[in-house]
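If you number the sequence shown the way our numbering does, the last residue is 681 and the count never jumps.
Yeah, the Cβ is synthetic: ideal placement off N, Cα and C, and Gly gets one too.
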Amino acid sequence: MLPALKEIPSSANRAPKRKDILSVDEKKLAIRNALRYFPTKWHKELAAEFKKELDDYGRIYMFRFKPDYEIKARPISDYPAESQQAASIMLMIQNNLDPAVAQHPYELITYGGNGAVFQNWAQYLLTMQYLSEMTEEQTLHMYSGHPMGLFPSGKEAPRVVVTNGMMIPNYSKPDDLEKYNALGVTQYGQMTAGSYMYIGPQGIVHGTTITVMNAFRKRLKKGETPKGKIFLTAGLGGMSGAQPKAGNIAECITICAEVNDEASSKRHEQGWVDELISDMDELVRRTRIAMKNQEVVSIAYQGNVVDIWERFYEEEIFIHLGSDQTSLHNPWSGGYYPAGIAYEEATLLIKDNPSKFEELVKESLRRHASAVNKHTERGTYFFDYGNAFLLESSRAGGNVMAENGIDFKYPSYVQDILGPMCFDYGFGPFRWVCASGLPEDLDKTDDIALRVMREIKPTAPAEIQQQMQDNIQWIEDAKKNKLVVGSQARILYADAEGRAKIAEEFNKAVNSGELKAAVILGRDHHDVSGTDSPFRETSNIYDGSKFTADMAIHNVIGDSFRGATWVSIHNGGGVGWGEVMNGGFGMLLDGSAEAEVRLKNMLFYDVNNGIARRSWARNEEALFAIKREMERTPGLKVTVAQIVDDSVFDSL
Ligand SMILES: NC(=O)c1ccc[n+]([C@@H]2O[C@H](COP(=O)([O-])OP(=O)(O)OC[C@H]3O[C@@H](n4cnc5c(N)ncnc54)[C@H](O)[C@@H]3O)[C@@H](O)[C@H]2O)c1
Numbered sequence: 030m031l032p033a034l035k036e037i038p039s040s041a042n043r044a045p046k047r048k049d050i051l052s053v054d055e056k057k058l059a060i061r062n063a064l065r066y067f068p069t070k071w072h073k074e075l076a077a078e079f080k081k082e083l084d085d086y087g088r089i090y091m092f093r094f095k096p097d098y099e100i101k102a103r104p105i106s107d108y109p110a111e112s113q114q115a116a117s118i119m120l121m122i123q124n125n126l127d128p129a130v131a132q133h134p135y136e137l138i139t140y141g142g143n144g145a146v147f148q149n150w151a152q153y154l155l156t157m158q159y160l161s162e163m164t165e166e167q168t169l170h171m172y173s174g175h176p177m178g179l180f181p182s183g184k185e186a187p188r189v190v191v192t193n194g195m196m197i198p199n200y201s202k203p204d205d206l207e208k209y210n211a212l213g214v215t216q217y218g219q220m221t222a223g224s225y226m227y228i229g230p231q232g233i234v235h236g237t238t239i240t241v242m243n244a245f246r247k248r249l250k251k252g253e254t255p256k257g258k259i260f261l262t263a264g265l266g267g268m269s270g271a272q273p274k275a276g277n278i279a280e281c282i283t284i285c286a287e288v289n290d291e292a293s294s295k296r297h298e299q300g301w302v303d304e305l306i307s308d309m310d311e312l313v314r315r316t317r318i319a320m321k322n323q324e325v326v327s328i329a330y331q332g333n334v335v336d337i338w339e340r341f342y343e344e345e346i347f348i349h350l351g352s353d354q355t356s357l358h359n360p361w362s363g364g365y366y367p368a369g370i371a372y373e374e375a376t377l378l379i380k381d382n383p384s385k386f387e388e389l390v391k392e393s394l395r396r397h398a399s400a401v402n403k404h405t406e407r408g409t410y411f412f413d414y415g416n417a418f419l420l421e422s423s424r425a426g427g428n429v430m431a432e433n434g435i436d437f438k439y440p441s442y443v444q445d446i447l448g449p450m451c452f453d454y455g456f457g458p459f460r461w462v463c464a465s466g467l468p469e470d471l472d473k474t475d476d477i478a479l480r481v482m483r484e485i486k487p488t489a490p491a492e493i494q495q496q497m498q499d500n501i502q503w504i505e506d507a508k509k510n511k512l513v514v515g516s517q518a519r520i521l522y523a524d525a526e527g528r529a530k531i532a533e534e535f536n537k538a539v540n541s542g543e544l545k546a547a548v549i550l551g552r553d554h555h556d557v558s559g560t561d562s563p564f565r566e567t568s569n570i571y572d573g574s575k576f577t578a579d580m581a582i583h584n585v586i587g588d589s590f591r592g593a594t595w596v597s598i599h600n601g602g603g604v605g606w607g608e609v610m611n612g613g614f615g616m617l618l619d620g621s622a623e624a625e626v627r628l629k630n631m632l633f634y635d636v637n638n639g640i641a642r643r644s645w646a647r648n649e650e651a652l653f654a655i656k657r658e659m660e661r662t663p664g665l666k667v668t669v670a671q672i673v674d675d676s677v678f679d680s681l
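Structure representation (structure tokens):
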């Protein structure tokens, strides 16, 4: 029976209307495509409804089919399933769509404005149906949210293979996404949205904390601390909202601009930012007091970040760290709000006069870049935080290029911080979810992880001691920081050795009954090996290969036959459609001996693939790490790059 039409509550956080890009014939095709999920007897009624959705929202979401039951991660034993592996995927899908976790739950968007789990509710229902009936000798193949079907495979094969946004390269421009997404044949999976591995803001808080702490370490003199020193940035949205919290953990003064008062108030109510200020004179006054008293405080400025950069220059307020986390991966549809125009007015322009809006964004980016340049001349350390700020500023004609005309003036946070300090050593965002849903289980896993980290730290080389210590500290404080939203999940940065040892101990604890149910392992795609992204994850690759995507593709294939429960590979995520290939995995640790074999095999490759590639690119830290790994692991034999002496070129 056709389910009843749904009222969408006015309180729901709705996705913005998407670009109306289809011709009349293409709109017919989009409706025809949507109707293929349903029996013909419903087509007439649904065709009119889907046309209205397309007109009103620019996409067909099929709201009528959104289930009435609560969508949230349940204990794994609650899922009707033939396979526990499949049940673990159902749990994670529901977690990604939980209204407490997801940004626009009605439009199946988990984060980043357009990070989709599915394109429509029919895909959700069908996928859950397949997962509930599949056996451990079948694999479900997901094409950008569409479940193509169950195919016979084998026990060792992944239960689900996910691709999102895979395009023929020449069709990977931003408008191609709009068009083919509106047609219902592709979607933007971001990173962990379309791969069911999002765990709420905890992941980004941890990553941002590590970045801010290490950025200060790069600049502070011996004995100095971040106290009383300014970190200026922008954005209090889905991910960017983590910045003030991270700044507080790193113990500095965070000043974060946000043009949308609703977003800044929400972060304030949630306790993610300490103070709200809407007046610039007041901001200047308050900042001086915080500096004088060496406070650890986070302040949201309700306005445009460009205004702060310009005013602080006039006021001679010294900014130690500067960055930006507006959504510049999506500059023309509201990711970046131009200076000099009110928020509401700008929002109207996006719809009514997009070319004027585009012009204003470009002008604002030029102003933004020029103000940043003035501060860096005074000694500010500015880094791009993976939001395409430098890329879009350069495209807008901002003064951000280095003298060679190829590189940017400023490093990305991966070039200067995460790459050499973490990724090249194999440190990355390892995460897990306790499938029992019990907070006690999460506490136990925290204890296990802490024990393992403390055990391996004494024998770890000096080069990675700081990273180990930071992560030990993170786990010690994790519960206190109250970061769990949705499933009982934890993140921590660990290297290959740490990840495998922690996972092995979890598996043992599941087997012994110490943990009440299985553990689901995964990671962010923003990692050592999973992502090829020339302006972010692989921005510290200098042999020319940063514009290739072989590493990400090898990773997903390599993980798939080494024991992953599910694998995913996406086009777009973080820096934008066509700008990155990124992949991830999920793995169920059910306490079995098979799970132990799988975790060892797969985690080893999942980290060392990227270290090998980074070492081949002659990254010193990765050369060190891969040589160490070869000494530890008899079966590993990696082609090692020879370093060329500069003098070779003198005679050429
Ligand atoms: N480095 C990382 O690890 C990492 C991780 C996640 C996301 N990102 C990137 O960071 C960006 C932000 O992600 P998000 O999920 O927070 O997006 P979001 O759209 O939820 O938030 C961005 C916020 O910036 C505000 N904003 C836009 N222009 C502004 C301006 N000129 N001044 C002040 N505020 C302004 C918007 O109102 C919005 O609230 C994205 O490009 C994303 O891809 C980076």
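Contact between Gly612 and Ala581 holds, with the beta-carbon distance rounding to 5 Å and staying under 8 Å. Minimum Cα-Cα distance from Tyr98 among the listed residues Asp674, Gln132, Asn569 and Asp127 corresponds to Asp127. Per DSSP, the beta-bridge partners of Cys463 are Val548. As summarised for the stretch 84-156, the continuous beta strand (DSSP E) elements at least 3 residues long and confined to that stretch are 138-140, given in chain order. For Val234, the CB stays at least 6 Å from every heavy atom of ligand 1.
According to DSSP, Ile284 shares a beta bridge with Leu261 and Ile328. The C-beta distance from Gly602 to Gln219 rounds to 5 Å, short enough to fall under 8 Å. Taking Pro487 as the centre and dropping the five residues before and after it, the same chain places no C-beta closer than 8 Å to its C-beta. Boundaries of the alpha helix (DSSP H) around Leu471: Pro468 to Ile485. Burial state of Ala33 is exposed, judged by a 10 Å Cβ sphere holding fewer than 16 other Cβ atoms. For Pro203, the enclosing alpha helix (DSSP H) starts and ends at Pro203 to Ala211.
Every beta strand (DSSP E) of 3 residues or more that sits fully in the stretch 532-600 is shown, in chain order, as 548-552 and 595-600. Between the beta-carbon of Val335 and that of Gly229 there is about 30 Å, and that puts the pair past the 8 Å contact cut. DSSP, read as helix, strand or coil, puts Phe456 in coil. In the DSSP assignment, Pro255 forms no beta bridge with any residue. Within the chosen limit of 6 Å, ligand 1 does not reach the beta carbon of Gln444 with any heavy atom. Between ligand 1 and the CB of Thr409, the shortest heavy atom gap is not smaller than 6 Å. Scanning the stretch 168-232 from its first residue to its last, the whole beta strand (DSSP E) runs of 3-plus residues come out as 175-181 and 189-193. Within the same chain, Gly427 and Asn428 come within 8 Å of Ser399 by CB-CB distance, once the 5 residues on both sides are set aside. Taking 7 Å as the cut-off, the Cβ atoms of Leu471 and Ala547 do not count as close. A contact between stretches requires three or more CB pairs, one per stretch, nearer than 8 Å, and the stretch 103-116 meets this requirement with the stretch 162-172.
Its chain contains Leu305 as the residues whose beta carbon lies nearer than 6 Å to that of His297, once the 5 sequence neighbours on both sides are disregarded; these appear in chain order. In summary, Tyr414 is buried, with 16 or more beta-carbon neighbours lying within 10 Å of its beta-carbon over all protein chains present. Distances taken from the Cβ of Ser356 to the heavy atoms of ligand 1 include one shorter than 6 Å. In the three-state scheme derived from DSSP, where H, G and I count as helix and E and B as strand, Gly427 is classed as coil.
For Ala44, the closest C-alpha among the options Thr262, Gly363, Asn569 and Val325 is that of Gly363. Only exposed fits Phe347, as fewer than 16 other CB atoms lie within 10 angstroms of its CB. When distances are taken from the beta-carbon of Val609 to the heavy atoms of ligand 1, even the shortest one reaches 6 Å or more. If you check the C-beta of Gly267 against ligand 1, you find a heavy atom less than 6 Å away. Counting along the chain, Phe386 sits inside the alpha helix (DSSP H) bounded by residues Pro383 to Glu406. With 16 or more neighbouring CB atoms inside 10 Å of its own CB, Gln444 falls in the buried class. At least one heavy atom of ligand 1 lies closer than 6 Å to the C-beta of Gly415. Rounded to the nearest angstrom, the gap between the Cα atoms of Ser161 and Glu387 is 46 Å.
Ligand 1 approaches Tyr365 closely enough that one of its heavy atoms is under 6 Å from the residue's Cβ. Taking 6 Å as the cut-off, one finds no heavy atom of ligand 1 near enough to the beta carbon of Asn42.
The beta-bridge partner set that DSSP reports for Ala523 consists of Gly457.
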